[in-house]
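Input: a single structure, listed below in structure tokens.
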């Protein structure tokens, strides 16, 4: 998720303002760099820091060499902007960047970006190390079964879905009880209704040990997985009432 706003720069730096971009460790970020129509065919590049005079010499990627291990560059000449994508982010990638366009006059033009890479993604925090701001409460009985419904957004229709116990997003996928890639095991099964945009996890042979917190997760290519929370309460055996007649 990106948040953009203008940030005034201090003296002896470039430029009058910068765009602030945020992402998370392990994820990726795309930096959009607009340019003027007269620069459509000129070389574009990006560097770290805020020193225009040395930016081209220290370029991390250029439009003449559009791909390396961590950086890639695409140039959309119709909308007049080039985009630099940085993958496998760490907090060391935080800092100032300059988008540069080379001009034959020798006076290259620049726009500034401040990138902040935060720790592992937690979508919504209600208390330390937990997710999310609300949860769905589900109840069932020992020996029975329960179906947990997990809605998702249309953009996630083809992404992997999963569920885990607890409320730790950072370790949820590694501890998944079931996934949409492996939809059946002894106690859990998963079905995905792409039309209604929800997946359902059914848990059978319930015991009171199954009570607790669960996270429904959707894996995203950005690394910022999406979660919804469920609290399951498994009660003792369902009581039965018999009518005694004489």
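Numbering (mature numbering (1 follows the signal peptide of the UniProt record, and there is no 0)), first residue to last: -17 to -1, 1 to 229. Idealized CB from N, CA, C, for every residue including glycine.
query                                                                                                           : result
Residue span of the alpha helix (DSSP H) that contains residue 155, given as start and end                      : 152 to 155
Selection from 61, 63, 62 and 46 that minimises the alpha carbon distance to residue 55                         : 46
Span of the beta strand (DSSP E), counted from its first residue to its last, around residue -3                 : It is not in any beta strand (DSSP E) - residue -3 carries neither H nor E in the DSSP assignment.
The segment 70 to 79 touching the segment 124 to 138, judged by at least three CB pairs closer than 8 angstroms : no
Selected residue, minimal CA-CA separation from residue 73, among 177, 168 and 12                               : 12
Proximity below 8 angstroms, CB of residue 91 to CB of residue 84                                               : yes
DSSP three-state assignment for residue 53, whether helix, strand or coil                                       : coil
CB of residue 173 within 8 angstroms of CB of residue 197, strictly                                             : no
Strand pairing of residue 62, partner residues [DSSP]                                                           : DSSP output for residue 62 lists no bridge partner at all.
Buried or exposed by the 16-neighbour rule on C-beta atoms within 10 Å, applied to residue 200                  : buried
Cα-Cα separation, residue 86 to residue 4                                                                       : 26 angstroms
DSSP state of residue 38 mapped onto helix, strand, coil                                                        : helix
Alpha-carbon to alpha-carbon, residue 24 and residue 10                                                         : 31 angstroms
Selected residue, minimal CA-CA separation from residue 125, among 50, 219 and 20                               : 219
Residue 21 to residue 63 span [Cα, whole Å]                                                                     : 10 angstroms
Three-way DSSP call (helix, strand, coil) for residue 167 in this model                                         : strand
Contact belief for residue 114 with residue 212 at Cβ below 8 angstroms, rounded distance in angstroms          : 6 angstroms
Close beta carbons around residue 128, own chain, < 8 angstroms, minus the five adjacent residues each side     : 185, 186, 187, 188 and 189
Straight-line gap, residue 178 to residue 71 (C-alpha atoms, nearest Å)                                         : 33 angstroms
For residue 122 and residue 6, the rounded distance between their alpha carbons                                 : 37 angstroms
Residue 152 burial status per 10 Å Cβ neighbour count (16 or more: buried)                                      : buried
DSSP-derived helix/strand/coil call for residue 175                                                             : strand
Three-state secondary structure (DSSP) of residue 46                                                            : coil
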